[in-house]
Each structure stands twice: as C-alpha cells, then as structure tokens.
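**Q**
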Amino acid sequence: MNNIIKIAKWELFRYIRSKAFIITLIIPFIVILIAGVPQYLAINSEQPVMNIGIIDKGNNLFGEIEKQVSNDSEGKGKDQFILQHYTGVENNENSFIKELIKSNIADIVVVLETQLIDSGNTKFYHRNNIGIEQVSKVEQIIFDVVKNQRIENLQLNKDDLEYVRKNLNTQLYEISEQGEMEEMDMFVKYVIPGIFMFVLLLGILTSSQLLVTSVIEERSNRIIEILLSSVNTKELMAGKILGIGLLGIIQISFYLIIIIILGIFGSSYLPIELNISQLFSFKILWYLLFFILGYFMYSTIYVSLGSLFNNERDAQQTIGFFSLFAIIPMYFISFIMTNPESIITKVLTLIPPITPFFMIIHIGMLSAPWYYSLGMAFYLILWIIGITFIASRVFKTAILMYGKRPTFPELFRWIRSSK
Amino acid sequence: MLKIKNIVKEFSNIKAVDNISFEVSKGSIYGLLGPNGAGKTTIIRMIMNILQPDSGEILIGNRSSLEGSKLNIGYLPEERGLYQKAKVRETIIYFATLQGMSHGNASGKADQWLERFDLTKNENSKISELSRGNQQKVQFIITVISDPKLMILDEPFSGLDPVNQKLLKKILNEYKSKNTTIIFSTHQMEQVENICDSICLINKGKVIKEGNLNEIKNEYGENIVEVEFQENVKILPKNILLDQKTLTNMIRGKLPDSTKINEMIKKLTNEYDIKGFSYFKPKLEQIFLKLVEGEKDE
Chain E
1 MNNIIKIAKW
11 ELFRYIRSKA
21 FIITLIIPFI
31 VILIAGVPQY
41 LAINSEQPVM
51 NIGIIDKGNN
61 LFGEIEKQVS
71 NDSEGKGKDQ
81 FILQHYTGVE
91 NNENSFIKEL
101 IKSNIADIVV
111 VLETQLIDSG
121 NTKFYHRNNI
131 GIEQVSKVEQ
141 IIFDVVKNQR
151 IENLQLNKDD
161 LEYVRKNLNT
171 QLYEISEQGE
181 MEEMDMFVKY
191 VIPGIFMFVL
201 LLGILTSSQL
211 LVTSVIEERS
221 NRIIEILLSS
231 VNTKELMAGK
241 ILGIGLLGII
251 QISFYLIIII
261 ILGIFGSSYL
271 PIELNISQLF
281 SFKILWYLLF
291 FILGYFMYST
301 IYVSLGSLFN
311 NERDAQQTIG
321 FFSLFAIIPM
331 YFISFIMTNP
341 ESIITKVLTL
351 IPPITPFFMI
361 IHIGMLSAPW
371 YYSLGMAFYL
381 ILWIIGITFI
391 ASRVFKTAIL
401 MYGKRPTFPE
411 LFRWIRSSK
Chain U
420 MLKIKNIVKE
430 FSNIKAVDNI
440 SFEVSKGSIY
450 GLLGPNGAGK
460 TTIIRMIMNI
470 LQPDSGEILI
480 GNRSSLEGSK
490 LNIGYLPEER
500 GLYQKAKVRE
510 TIIYFATLQG
520 MSHGNASGKA
530 DQWLERFDLT
540 KNENSKISEL
550 SRGNQQKVQF
560 IITVISDPKL
570 MILDEPFSGL
580 DPVNQKLLKK
590 ILNEYKSKNT
600 TIIFSTHQME
610 QVENICDSIC
620 LINKGKVIKE
630 GNLNEIKNEY
640 GENIVEVEFQ
650 ENVKILPKNI
660 LLDQKTLTNM
670 IRGKLPDSTK
680 INEMIKKLTN
690 EYDIKGFSYF
700 KPKLEQIFLK
710 LVEGEKDE
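These protein sequences, in sequence, are chains E and U.
The first sequence lines up with residues 1 to 419 when you count with the working numbering.
The second sequence lines up with residues 420 to 717 when you count with the working numbering.
1. Enumerate in chain order the residues of its own chain whose CB-to-CB distance from residue 660 of chain U is below 6 Å, with the five nearest sequence positions on each side excluded.
2. Go ahead and label residue 592 of chain U buried or exposed: buried means 16 or more other beta carbons lie within 10 angstroms of its beta carbon, across all protein chains shown.
3. Does chain E have any CB closer than 9 Å to the CB of residue 467 of chain U?
4. With DSSP run on the structure shown, which of helix, strand or coil describes residue 425 of chain U?
5. Quick check on residue 3 of chain E - is its C-beta less than 9 Å from some C-beta in chain U?
6. Please work out which residues of its chain come closer than 7 Å, Cβ to Cβ, to residue 234 of chain E, disregarding the five sequence neighbours upstream and downstream, and give them in chain order.
7. Return the chain-ordered list of same chain residues with a C-beta closer than 7 Å to the C-beta of residue 598 of chain U, the five sequence neighbours on each side being excluded.
8. Cα-Cα, which of E:366, E:352, E:148, E:415 is closest to residue 335 of chain E?
9. At a CB-CB cut-off below 7 Å, which residues of chain E make contact with residue 561 of chain U?
10. Would you say the segment 599-609 of chain U touches the segment 512-531 of chain U, given that touching needs at least three Cβ pairs under 8 Å?
11. What residues in its chain sit with their C-beta under 7 Å from that of residue 607 of chain U, if we drop five residues either side in the sequence?
12. Identify, in the order they occur along the chain, each residue of the same chain with its Cβ nearer than 6 Å to the Cβ of residue 201 of chain E, setting aside the five sequence neighbours on each side.
13. Going by CA-CA distance only, name the one from U:465, U:518, U:582 that's closest to residue 429 of chain U.
14. How would you write the range of the alpha helix (DSSP H) that residue 126 of chain E sits in, first residue to last?
15. Compare the C-alpha of residue 368 of chain E against each of E:389, E:352, E:346, E:381 and name the closest.
16. Given residue 612 of chain U, which residues of its chain have a CB within under 6 Å of its CB, disregarding the five upstream and five downstream residues?
17. Residue 323 of chain E by DSSP, collapsed to three states: which one?
18. Buried or exposed for residue 217 of chain E, going by 16 or more other Cβ atoms inside 10 Å?
19. Grab me the residues of residue 199 of chain E's own chain with a C-beta within less than 6 Å of its C-beta, minus the 5 sequence neighbours each way, in chain order.
20. Hey, does residue 620 of chain U have any beta-carbon neighbour from chain E nearer than 9 Å?
21. Can you tell me where the beta strand (DSSP E) with residue 662 of chain U in it begins and where it stops?
22. In the segment 390-402 of chain E, which residues sit with their C-beta less than 8 Å from some C-beta in chain U, listed in chain order?
23. Between residue 7 of chain E and chain U, is there a C-beta pair that is closer than 9 Å?
24. Would you list the residues sitting across from residue 169 of chain E in a DSSP beta bridge?
25. Could you check the C-alpha separation between residue 122 of chain E and residue 115 of chain E for me, to the nearest Å?
26. For the segment 314-377 of chain E, list the alpha helix (DSSP H) runs that are entirely contained and at least 4 residues long, ordered along the chain.
27. Short of 8 Å Cβ to Cβ, which residues in the segment 521-554 of chain U face chain E?
28. What whole-angstrom Cβ distance do residue 51 of chain E and residue 82 of chain E have, given they're in contact under 8 Å?
29. Counting only runs of 4+ residues fully inside the segment 76-159 of chain E, write out the alpha helix (DSSP H) ranges in chain order.
30. Relative to the C-alpha of residue 655 of chain U, which residue among U:639, U:638, U:674 is closest?
31. Give the secondary structure of residue 605 of chain U by DSSP, where H, G and I count as helix, E and B as strand, and everything else as coil.
32. Please report the Cβ distance between residue 242 of chain E and residue 4 of chain E, rounded to the nearest whole angstrom; I am assuming they are in contact, meaning their Cβ atoms lie under 8 Å.
33. How many angstroms separate the CA atom of residue 685 of chain U from the CA atom of residue 622 of chain U?
34. Step through the CB atoms of chain U and report whether any lies within less than 9 Å of the CB of residue 420 of chain E.
35. Looking at the structure shown, is residue 201 of chain E part of a helix, part of a strand, or coil, going by DSSP?
36. Tell me whether the segment 471-484 of chain U and the segment 420-440 of chain U touch, counting them as touching only if at least three CB pairs, one residue from each stretch, are closer than 8 Å.
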C-alpha cells in the first residue's frame, strides 16, 4: 500500500505541473469563450440602419407599422429602421421596386397585398447582401401589426386585448413514483449533470493520453525494469491509476469551484440562473460516485493498453477506439431523455464503458430512484473488478515484452496464465 | 549469497535459459558473460523476480527470489532510461523511497552521492538536460543509494569517460570491501579481468564455463613467454618452449602445459645469460572467443 501511495504521489505531482494538464484545465473555458463570443457580438454589435419601403395596397397599415417599430421591445427599432411609404405604383410595381433597391433608396421593400388582414399575403424584396435575420425582424413587425389588427377587428376592448396577450407564467413541478413533489430547476436537472458528463469525458480523454504516455515512456526508457526491482506490477498499476485518478478529482474540483464562484459573484452576467445551494444536494454524491467509477474503469483499461505499445504513434488508434465509448453517450443524450424506458436505453446503460455517463443522465435528468443507482454502482464495480483482473494480467506480461505487438490468442493466453 | 539451481525459462517454446546453476559468494564480484542473446538478461530478470523461472530455484541469502521487491537488490539495467522531464534530485529520492528508504534519509544520501559524482550543481536540472554520461551517473546513484547487499550491474561502464570509469571502479571496490555482492554483466572483457573474482560464461541459454577467473585463465589460456638474451640464441629446447618465434636476441613462445613458470625460469638462468623475461597471461577475450566459437563449431 505504501508503494502504491508513493507511485500515486509521483504520478500526480509529475503531471499536475505539466503543460498538458494546465491546458486541459483551461480548455472548457476556451470552448465557452469560442461559443459565447459570436453570440455576444451578435447581440451587442451595432446594427446597420435599414431603409424599408412599404407599398401598401389599400390596407392603411403604414401608421400602425410605424408605431410598432417605435414600440419595438428592444427600443432600437426606431433607430434601426427608416420607413418610407409608397403608393400608386401598381402599374410599374416591379420596375419601381428594382429601382428603389438598385439606387440604394431602400434595403427591403415590403408589398402589403390587398385584404392583407384576411389573406396574410405579403411580398418581401431585398438586396441580396441583406442578412436573413433583418428580413425576419421586419416580417415579425408586419405580423405583429396584422395580429393586432385582427384582434381589433374582433372588437375586443383594451383590457380584453391585454388579457389575450398576457404571457404564460409557468412553474414546473415533478412528482416521483413515490409521490414526492419538487419544483424543477433547470440548473440542477440539466446543467449540473451536463457539466459532470462533460468533465468526465474530458477527464477520460486527458487521462487516457497521460496514462498511455506514462506507461510507454517507462517501457521505452526501460525505467520499468528499475521500478519492478522495487515494486510489483500490481503496485505499479494501482499507483498509476490512483495518481491519475487524483488528478481527475482535482480537475473536477477546480471546475466546481469555478462554478461556485460564478454562482456567487457573476450570476447576473450568466444566461441561466445558477442556484449554488442546489449544487450541494444528495445527487452530487451520486454524480461523484459514477464519475470516480467511470474514471477508474477507463484508467485501468488505458494502463494495460499502454503496456502493449512501444510508442505513442502506434497507441493512438487504439486509444481513439476506446475513447469513442466515452463520446457515444453525448450523441444519445436527447434519445435517452425522450425514451428513458426504451430497450435501447436499457441495453446501452448496461454497456460498462457507457454506464457511468448514462447513469449521470438517469440520476440528474430522469431522477432515477436510489435503489436503481445503487444497483448500477455495484454492477459497475463488478465490471471494474473484472477489468482490473484482466488488465493486470495483460500489464504484467506485456510490460516487459518488446518488439512485436501481441496477437489476440497471445493476450488470451496471458489472461489465463497465472504466472 | 546467491544460489541459482537448475533454472529453466522458455519463451514460445524456445529455451532462453536451459537448466542453469551457479553460486555467487558473499562480498565477491561475479561476471556474467555471454554473447548477445545468450540469456544473461533473462537470468538477471529472474534474479530480480521481474520474470519467474518455469522450473528451478533462485535463493538470495536464504530467501527465494520470488519475494521480489522485499529483497532490496540494486539493479542497473543495460538500457538506461529515466523520466526525462523530472528533476535529478527528486528522481533519485523517488527511487530511493521505493527501495524502502525514508524521505529524510533518501534526501541526505542523495546529496552525498550528487556531491561525490560532481552533480550537485545539476540537482534541480531536468534529466533531459544532462549529458548521457551524467544521466548514467544518476542511474548508478539510484542503484546504490539504499546500500543493497546484492547489486546487479549490466554494462555499468559504457558511456562513462575514463575519469568516471575509475571513480566507478573505486566505488565498486568499496562496496566489495563492505561485503556487498556484485553481479556484473558486460561485454568489456578488460573490465571483467580488472574487477571480477569469478565468472560465468553463458551461451545459448547454457553455462559453458563457470568458476574462479584465474583458474579459468590457467585452464584455457595459452601462456605466452618472451625471453631476452645477452647473447644471440636462435632456438630453445622444445621441453622449455613451444611454437617459438625468434627475433634479435629474443625468443617468444608458448609455455608447455606440463611446465610450471618457476621451473622454466630456473632452467633458463642455469643455461643462458638472461637480459629480460616477460610472461603474458591469456586474455579473457581470447578464452571467450575460443569457447563461444567452439560452441558454434559444434
């Protein structure tokens, strides 16, 4: 045990100072930044002033449209759109519109056909370098005017009008199979399990690289022989997995601390409400359990994989194949959420490399009962014991084999062999 | 100190080690010799319990080699390698603690050894920043830092300059005088002749010669003698010297197996006016080639 701790400490401190680990820590923030900057720019950038030509064929809606633009919810409509009303152009409509756009008098020309309120028929002409969002905005303004006009035609009074327009104020509650009711919190139900899944994936991808690199370095440098003169293969393998596992826990702790800090100091700047007190719920223990089990299982596989290869280049393909299992759950999130009871969901949840990810979804997004989570934790532990048994036998033999890569029959022989 | 009894190790139906036995006494330096692929590394790995023999037994002291890491054997493998990005001092301390030393003790000893090998200024350098020779010195420190009672050194002198080779030899002799048993595997016969007490010559997984180095030399060597005369002597009687070659006032030839060197000197001084006398002990390299090539011919 003492040697396992010494090896774990060595591996932990060796990698915690490495550039690769520091980069891994900041990758999620870079991803968020890359995704968030365009959104921010789209929302906050200065919109160009658009000239809108309105050709109204007898609907008398120009005044209403002007009002609607002035009352734009963002208050920017008045500055963004300059409206111009044209009438009496029916005879040469097409050439008139072309000329308006060609000579930059209008960017968009809207033709409000006769009987618009009933038919809803409009035509939009715009320069070919106008963004579709701008056209949609104008379309929405026209639609709002038509909608209001239709409500008015129904002769509803102002109060009735307000009453019709009143938005829904929805509160979601969930009732479990046991009849317990709780208010649904988007942050708790979707964001936290999503973060755990993402960090587990990131952790697995990072640790796979670190573990395989570490084992290959020791093999190719023959450090392994010096190590094995002082410790046995089981201690070496366990020490490595524990060290890299601790690295994973430090990684997830770092992200949780950042989330807590954001929740306390920066929640007003975030698009969703971070209810930090909910972070310390009982579910977090389940997430941590499945995170650690998942991390441990993948680490065990990667340590034994590293022992099979002489250099990193050869190992990459096989690492990629196993990492695929960690990526699959990401594609199935929406499927499992809409079909939690389907056979496919149940079968996929039982595939060990996928189990930890799906269990995080089951617990977080589908509120799996505790006995199901506990059963699946034991199921995963049994698999980990089996995988560790196989991996340690492969590791023990392969770690000192150089040259040719073992064949599958050889691997089976090593696993069966007790020497 | 080390008893190897009838060990056999097969890989894919090929016998890498075929019923090998030998003993190494406490406080001696024992040379394990053989051509490439003879089975030396496999034997060393079995002593280290990195591999286990298919049959036979290895005893270190009175304990089985299967106790492995508990036996505290210092091991310097032939192919050198350390964690390239780790620092010198922390690497030494890490391996020393794995060998059972406390962190404090390991730190103190690491400082002493770094000073002895003139590496104190490099203690916080990364291993990759050291020259090959200095990396080898670090690896040697790792081998000896916990003062093991048994050391296995595979090609310890390769890559070292003459100054450091001399220092290493001095250190090995110090350990020998402290009753440490050293197994020394190399291709450099000159080094074996300089420091080994006994040798075991292995070929194709079998022992082809084992025993005291001087006795083996006497047994297999062709003892060459060179005699310089005051006067011009053309030839000596065949019972004194065989295969004679005559130079000016000098004759070189082989000492007959039946003749002892003292008897020869007595005979020569009685009958001739001798100016000089040289006796060349056989080179281990010649014995090695003779035995290994002899095996090939068979």
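For every residue, glycine included, the Cβ atom is placed at its ideal position computed from N, Cα and C.
**A** Once the coordinates are examined:
1. Close CB contacts of residue 660 of chain U within its chain, under the 6 Å cut and outside five residues either way in sequence, are with 672 (chain order).
2. exposed
3. yes
4. strand
5. yes
6. Cβ neighbours of residue 234 of chain E beyond the five flanking positions: 392.
7. 445, 446
8. E:366
9. Neighbours of residue 561 of chain U on chain E, chain order: 226.
10. Not touching, per the Cβ criterion.
11. 576
12. 326
13. U:465
14. Taken as a continuous stretch (DSSP letters only), residue 126 of chain E belongs to no alpha helix (DSSP H), being part of the beta strand (DSSP E) at 122-126.
15. E:346
16. 703
17. Residue state, collapsed to three classes: helix.
18. It is buried - the Cβ of residue 217 of chain E has at least 16 other Cβ atoms within 10 Å.
19. 252, 255
20. no
21. Here the beta strand (DSSP E) through residue 662 of chain U covers 661-666.
22. 400
23. Chain U has a Cβ within less than 9 Å of the Cβ of residue 7 of chain E.
24. None, per the DSSP bridge assignment.
25. 10 Å
26. 343-349, 355-364
27. none
28. 5 Å
29. Listed in chain order, the complete alpha helix (DSSP H) runs (minimum 4 residues) inside the segment 76-159 of chain E are 77-80, 93-102, 116-119, 132-153.
30. U:674
31. For residue 605 of chain U, the secondary structure class from DSSP, reduced to helix, strand or coil, is coil.
32. About 6 Å separates the two Cβ atoms, so the contact holds.
33. 41 Å
34. The displayed coordinates of chain E run from 1 to 419. Any statement about residue 420 of chain E would go beyond what the structure contains.
35. helix
36. yes
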